[in-house]
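Asks: Once you know that position 54 of the sequence shown is 54 in full-length UniProt numbering, the rest is easy, because the numbers rise by one and skip nothing.
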Amino acid sequence: MANNTTAIVEMSKDDNTYVRPQLELIDSTLPYFRKAIDVLDISSSSTPFFIVNFGSVHESNSIYVMKMIIQYLKEAKKIDNEEQIIAVHNGLPTNDWTSLFELTSEENSYSNAAYGQYFDEQCLPPNTIAIGFSIASLHWLSRKPCNVSHHCVANFVQDKEEREIFKHQSKLDLTSFLKHRSTELVPGGVLILNIPCVNDGNSLGFDNCVHLLYKCAKSITHIQQVLLDHMIPSYYRSFSECVDDELFARCSFKLIKDEFNKTNIALMDQDQNGNVSVDKFSKAVTSFMRSWLESSLKQALEINKQSTEEINKILDQFWTLYEQEIKANPHEYIACAYFTHLILKKV
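#1: So, for residue 83: in the same chain, excluding its five sequence neighbours on each side, which residues have a beta-carbon less than 6 Å away from its beta-carbon?
#2: Return the CA-CA distance between residue 285 and residue 323, expressed in angstroms with no decimal places.
#3: Tell me, please, whether the region 124-136 touches the region 177-192 by the rule of three or more beta-carbon pairs shorter than 8 Å.
#4: Whole angstroms are fine: how far does the CA of residue 32 sit from the CA of residue 110?
#5: I'd like to check one pair, residue 258 with residue 342: are the Cβ atoms closer than 7 Å?
#6: In whole angstroms, give me the CA-to-CA distance for residue 75 and residue 119.
#7: Have a look at residue 60 and residue 132 and give me their C-alpha separation to the nearest angstrom.
#8: Kindly provide the ranges of any alpha helix (DSSP H) runs that are 4 or more residues long and lie completely inside the region 65-145, ordered along the chain.
#9: Can you tell me whether DSSP reads residue 336 as helix, strand or coil?
#10: I'd like to know if the region 160-180 and the region 243-253 are in contact, where contact means that at least 3 CB-CB pairs between them fall below 8 Å.
#11: Kindly list the residues whose CB is nearer than 7 Å to the CB of residue 319, restricted to its own chain and excluding five residues on each side of it in sequence; keep chain order.
#12: Of all Cβ atoms in chain C, is any one closer than 7 Å to the Cβ of residue 162?
#13: Less than 7 Å between C-beta atoms, sequence neighbours within five positions excluded: which residues of the same chain meet that for residue 62?
#14: Between residue 156 and residue 139, what straight-line distance do the alpha-carbon atoms span, to the nearest angstrom?
#15: Grouping DSSP H, G and I as helix and E and B as strand, with all else coil, what is residue 296?
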């Protein structure tokens with residue numbers, strides 16, 4: 001079993017270069033923020049007024065969401081004074097927090113804070129948060145519960161027992177997440193979740209992009225030795241696994257809204273629309289996948305005691321091959337993604 005340090009995927013330092021796909025997800029979630037603020041039921045004079053992004057990765061996108069939430073609060077007359085707001089960006093200690101504060105340095109209408117801790121633990125004191133949210137983060141697991149065979153993503157492994165182990169870990173993690181958020185939220189506070197998931201056919205919507213990771217890994221001699229450890233610590237739940245009424249009730253949450261949605265991945269539909277060349281498309285897809293998946297492969301190589309020079313050479317070889325495969329058959333990698341949107345209210 002892997003420990004948390006090994007399993008948790010770190011944020012790439014270049015993540016803000018690839019913010020467009022996540023921005024599409026944020027925009028698809030904005031109507032749920034409006035609905036959540038409509039049912040928010042706390043005193044407008046509460047000071048301070050905490051808004052927390054659990055799983056903040058892209059600094060500019062996290063700030064964008066905070067500004068939209070504040071705008072909705074003002075429109076709904078749910079706050080008396082913007083200065084009472086503290087926007088907390090929660091993420092891993094390894095996140096590029098310097099960039100966050102550079103982007104917020106001129107913001108004086110409300111306060112920004114960062115908290116570097118994985119969200120399977122309590123992050124703020126009890127009864128402090130008015131609005132909490134998480135966008136496209138809850139598929140990441142707190143740990144890799146086991147190694148798997150014949151793939152690097154648990155949803156596609158052939159061994160049923162291995163899949164069930166990851167499914168169980170995802171249940172534990174969601175339970176822990178909701179338990180701690182319930183503790184932190186004030187009564188009447190709201191939690192808005194955008195959870196990456198699978199459709200009824202167990203598809204992620206970008207399956208070919210994920211299958212290609214394993215295909216490329218098998219093609220490189222040095223990586224063949226570490227495939228057992230090349231396991232992305234994630235699990236994509238079904239809609240029914242996301243909507244757990246018994247768990248919600250146990251954590252003192254009332255379900256306000258649940259909805260399954262399909263979202264086109266902006267980086268990956270440009271070729272189909274004729275907006276970019278095959279070369280640009282393959283580079284864009286590869287860069288996007290590399291920005292959030294390379295760390296798991298890098299960790300596997302480090303576990304097997306490869307030198308830094310060897311690791312960098314192997315990674316470059318891997319992603320060059322990945323890009324070439326996409327360039328050869330670009331239309332196979334035009335994709336979408338599926339999400340469960342939830343609005344929960346602390347009772």
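Each residue gets a CB set at the ideal place from its N, CA and C atoms; glycine is no exception.
Remember, predicted model here, so these are calculated numbers, not experimental data.
Replies: This is what the structure gives:
#1: Closer than 6 Å at Cβ, skipping near neighbours: no residue.
#2: Taking C-alpha positions only, residue 285 is separated from residue 323 by approximately 8 Å.
#3: A contact exists between the region 124-136 and the region 177-192.
#4: Straight-line Cα distance between these residues: approximately 22 Å.
#5: Residue 342 is a Cβ neighbour of residue 258, given a cutoff of 7 Å.
#6: Cα-Cα distance, rounded: 30 Å.
#7: Taking the CA atoms as reference points, residue 60 sits about 18 Å from residue 132.
#8: Uninterrupted alpha helix (DSSP H) stretches at least 4 residues long and entirely within the region 65-145 occur at 97-104, given in chain order.
#9: Here residue 336 sits in strand by DSSP.
#10: Output reads yes: the region 243-253 touches the region 160-180.
#11: Residues 286 and 290 of the same chain have their beta carbon placed closer than 7 Å to that of residue 319, with the five preceding and five following residues left out of the count.
#12: The question asks about chain C, but that chain is absent: this structure has only one protein chain.
#13: Result list for residue 62: 53, 56 and 89, in chain order.
#14: Cα to Cα, the separation comes out at about 14 Å.
#15: Residue 296 falls in the helix class under three-state DSSP.
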